[in-house]
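Read top to bottom, the protein sequences are chains A and B.
With full-length UniProt numbering, letter number 4 in the first sequence gets 4, and the count goes up by one each step, no holes.
With full-length UniProt numbering, letter number 116 in the second sequence gets 116, and the count goes up by one each step, no holes.
Notes follow once the structure below has been shown.
2 protein chains.
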Amino acid sequence: MSEPAQQTPAATPGNTPGKRVNRREEILRAAADVFASQGFHNASLADIAATLGITPAGVLHHFGSKTDLLTAVLELRDSADPPPKGRRFLDHLVDTAERNAARPGTTRLYAVLSAESVTEGHPAQDWFRHRYAELRADVEAAVVDRLDPGAAVPAADGVPEAARPTREAAAAILAVMDGLQVQWLLDPDAVDMAAVTRLVADALVTHLAGTGDGPAAGPGAADRTA
Amino acid sequence: MSEPAQQTPAATPGNTPGKRVNRREEILRAAADVFASQGFHNASLADIAATLGITPAGVLHHFGSKTDLLTAVLELRDSADPPPKGRRFLDHLVDTAERNAARPGTTRLYAVLSAESVTEGHPAQDWFRHRYAELRADVEAAVVDRLDPGAAVPAADGVPEAARPTREAAAAILAVMDGLQVQWLLDPDAVDMAAVTRLVADALVTHLAGTGDGPAAGPGAADRTA
DNA sequence: GTCTATAAATTGATAGAC
DNA sequence: GTCTATCAATTTATAGAC
Chain A
1 MSEPAQQTPA ATPGNTPGKR VNRREEILRA AADVFASQGF HNASLADIAA
51 TLGITPAGVL HHFGSKTDLL TAVLELRDSA DPPPKGRRFL DHLVDTAERN
101 AARPGTTRLY AVLSAESVTE GHPAQDWFRH RYAELRADVE AAVVDRLDPG
151 AAVPAADGVP EAARPTREAA AAILAVMDGL QVQWLLDPDA VDMAAVTRLV
201 ADALVTHLAG TGDGPAAGPG AADRTA
Chain B
1 MSEPAQQTPA ATPGNTPGKR VNRREEILRA AADVFASQGF HNASLADIAA
51 TLGITPAGVL HHFGSKTDLL TAVLELRDSA DPPPKGRRFL DHLVDTAERN
101 AARPGTTRLY AVLSAESVTE GHPAQDWFRH RYAELRADVE AAVVDRLDPG
151 AAVPAADGVP EAARPTREAA AAILAVMDGL QVQWLLDPDA VDMAAVTRLV
201 ADALVTHLAG TGDGPAAGPG AADRTA
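The structure is reproduced here in structure tokens:
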């Protein structure tokens with residue numbers, strides 16, 4: 001899921017370097033824009049091709065099918081710098097919410113595609129399923145570490161993962177971020193994505209600490225960090 | 001937003017009562033199913049018509065256009081019994097999450113359509129924008145009432161609505177519910193929608209009570225109710 | 001009132017020119 | 001390697017039969 005499957009031709013022989021860097025990437029950017037505006041199903045190859053002044057078939061030369069194009073667009077994200085693991089991951093999420101408010105296009109891309117992916121036979125279904133599973137684990141690790149600095153996520157202790165309070169908190173934090181995006185995209189003045197994300201993270205950590213779940217961790221410590 | 005715009009012919013003259021109650025409603029149910037499975041844009045009138053054994057044009061006779069059909073499907077929800085206002089509204093949300101887990105079709109319908117509605121020129125955009133605005137107000141009223149039983153939501157006191165902690169909590173609770181639906185639809189065993197919704201509602205109420213926001217309200221009171 | 005036949009436009013994708 | 005001409009299938013919607 002992390003390795004870019006498609007080879008990125010560092011400098012295609014017939015390409016004048018500096019004149020046109022990479023046609024594939026131009027198409028990728030155009031496709032990301034159009035998918036963000038229209039969703040995957042409603043977007044047409046013609047829309048994407050028109051952005052670049054070519055025909056739909058021109059796009060399909062570089063990517064075998066519309067589905068392949070979507071896959072490549074999603075894989076783009078994995079190119080970015082890796083997020084911090086552990087305690088700092090929660091702050092990173094709040095930062096992400098803040099940055100998302102400055103780039104509606106990218107925000108809409110993932111908001112629309114993630115929800116669209118639950119439709120029958122959607123090509124991005126596996127990608128998002130795995131992505132959420134991974135993120136839930138990462139966020140849980142961050143929550144556990146904040147409750148009890150240095151601790152690791154406890155192994156299976158009888159109850160299923162989904163029922164573990166720290167895992168529930170992780171699912172909740174991710175869910176808030178996603179849900180806020182839709183509300184914000186519909187009405188940017190109605191919600192502050194970063195502020196609400198921070199509020200929920202703080203509230204959950206405080207709550208779990210008070211419930212007697214984490215071994216120690218005073219309420220104050222958890223309160224101030226996110 | 002509450003009144004059904006389309007007239008519901010109580011008993012069309014030429015209709016044998018009891019044999020076929022209402023062709024419109026049959027189409028509406030079929031459309032809801034297909035929109036839930038495919039989303040609005042990807043769904044075709046042919047898919048809907050096939051369910052009933054007729055042609056696409058047969059569907060368009062009852063509803064002037066595909067968009068009108070979507071509008072009618074969304075308006076269906078307003079027919080249900082009205083949810084409780086005030087304090088009990090939070091419990092109602094948890095109940096809703098639990099019921100949603102038993103009807104994936106309806107859950108998917110709103111999860112897919114709400115996110116799809118943020119795409120450019122989507123016909124359901126206004127509907128969802130208004131829906132969220134209304135829900136945020138209702139949920140905030142419930143949160144306020146739980147923090148300080150009997151109290152009402154304070155009028156504008158300088159800070160914008162979106163920045164008021166109780167309003168932020170309301171947006172958060174709705175966002176969690178929406179985000180959880182996507183995670184759950186992708187992987188039903190990974191999350192318990194009702195449990196996590198309750199967790200977040202409790203955590204937020206406790207947190208706001210502790211922050212010194214609500215006038216009084218002991219932590220214990222808020223803890224036990226949701 | 002209920003619906004089929006039909007049209008006009010658009011879709012993703014193949015085959016092949018340059 | 002880059003892309004256009006072209007195709008077969010599917011789209012929403014109109015006009016009109018019953």
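Quick reminder that beta carbons are idealized off the backbone N, C-alpha and C, glycines included.
Within the same chain, Cβ atoms closer than 8 Å to the Cβ of residue 122 (chain B) are found at 40, 116, the five residues on either side in sequence being excluded. Residues of the region 114-133 of chain A with a Cβ closer than 8 Å to any Cβ of chain B, in chain order: 114, 115, 116, 117, 118, 119, 120, 125, 128, 129, 132, 133.
Burial of residue 207 (chain A) is indicated by the presence of at least 16 other C-beta atoms within 10 angstroms of its C-beta. Of the residues assessed, residue 114 (chain B) falls on the buried side of the cut-off, its CB having 16 or more other CB atoms within 10 angstroms. Any Cβ of chain B closer than 9 Å to the Cβ of residue 172 (chain A) would place that residue at the interface, and such an atom is present. Your pair residue 203 (chain A) and residue 147 (chain A) does not check out as a contact, with CB atoms roughly 13 Å apart and the cut at 8 Å. Shown here for residue 57 (chain A): not one same chain residue has a beta carbon closer than 7 Å to its own, the five before and five after excluded. Taking C-beta atoms as the reference points, residue 182 (chain B) and residue 196 (chain B) fail to come closer than 9 Å.
Listed by position along chain B, the residues whose Cβ is nearer than 8 Å to that of residue 168 (chain A) are 191, 192, 195, 196, 199. Annotated three-state conformation of residue 89 (chain B) is helix, per DSSP.
No Cβ-Cβ contact shorter than 9 Å links residue 110 (chain B) with residue 187 (chain A).
At least 9 Å separates the beta-carbon of residue 172 (chain B) from that of residue 137 (chain B). Relative to residue 70 (chain A), the option among A:150, A:86, A:90, A:45 whose CA is nearest is A:45. Just so you know, the alpha carbons of residue 50 (chain B) and residue 91 (chain B) end up roughly 40 Å apart. CA-to-CA, the gap between residue 30 (chain B) and residue 61 (chain B) works out to about 15 Å. The DSSP assignment places 125-147 as complete runs of the alpha helix (DSSP H) inside the region 121-170 of chain A, in order along the chain (cut-off: 4 residues).
Counting along the chain, residue 33 (chain B) sits inside the alpha helix (DSSP H) bounded by residues 23-38. By the rule that beta-carbons nearer than 9 Å mark a contact, residue 67 (chain A) does not touch chain B. Here residue 43 (chain B) has 34, 35 as same chain residues with Cβ atoms under 6 Å from its own Cβ, once five neighbours each way along the sequence are excluded. Rounded to the nearest whole angstrom, the CA to CA distance from residue 108 (chain B) to residue 190 (chain A) is 25 Å. Looking at B:168, B:185, B:184, the one whose alpha-carbon comes closest to that of residue 201 (chain B) is B:168. About 10 Å separates the beta carbons of residue 102 (chain B) and residue 193 (chain B), which is beyond the 8 Å limit, so they are not a contact pair.
Using beta-carbon distances, residue 202 (chain A) counts as an interface residue toward chain B, with a partner under 9 Å. Counting other Cβ atoms within 10 Å of its Cβ, residue 198 (chain B) reaches 16 or more and is therefore classed as buried. Put simply, of A:47, A:153, A:126 the residue whose alpha carbon is nearest the alpha carbon of residue 87 (chain A) is A:153. Of all residues in the region 22-46 of chain B, the ones placed with a Cβ closer than 8 Å to any Cβ belonging to chain A are 37, 38, 39, 41, 42, in chain order.
Boundaries of the alpha helix (DSSP H) harbouring residue 108 (chain B): 104-116, taken from the DSSP string. Counting along the chain, residue 51 (chain B) sits inside the alpha helix (DSSP H) bounded by residues 45-52. In this structure, B:74 is the residue among B:74, B:159, B:85, B:179 with its C-alpha nearest to the C-alpha of residue 126 (chain B). Comparing C-alpha distances from residue 164 (chain A) to each of A:59, A:179, A:141 shows the shortest one belongs to A:141.
Under the DSSP assignment, residue 56 (chain B) falls in the alpha helix (DSSP H) whose first and last residues are 56-62.
Across the region 173-185 of chain A, CB contacts with chain B closer than 8 Å involve 174, 175, 176, 177, 178, 179, 180, 182, 183, 185, in sequence order along the chain.
Residue 94 (chain A) carries a helical assignment under DSSP once its states are collapsed to helix, strand and coil. A direct Cα-to-Cα measurement between residue 66 (chain B) and residue 180 (chain B) gives close to 29 Å. Put simply, the CB of residue 102 (chain A) is far from chain B, with every gap to its CB atoms at 9 Å or more.
Under the DSSP assignment, residue 190 (chain A) falls outside any alpha helix (DSSP H); it carries neither an H nor an E label.
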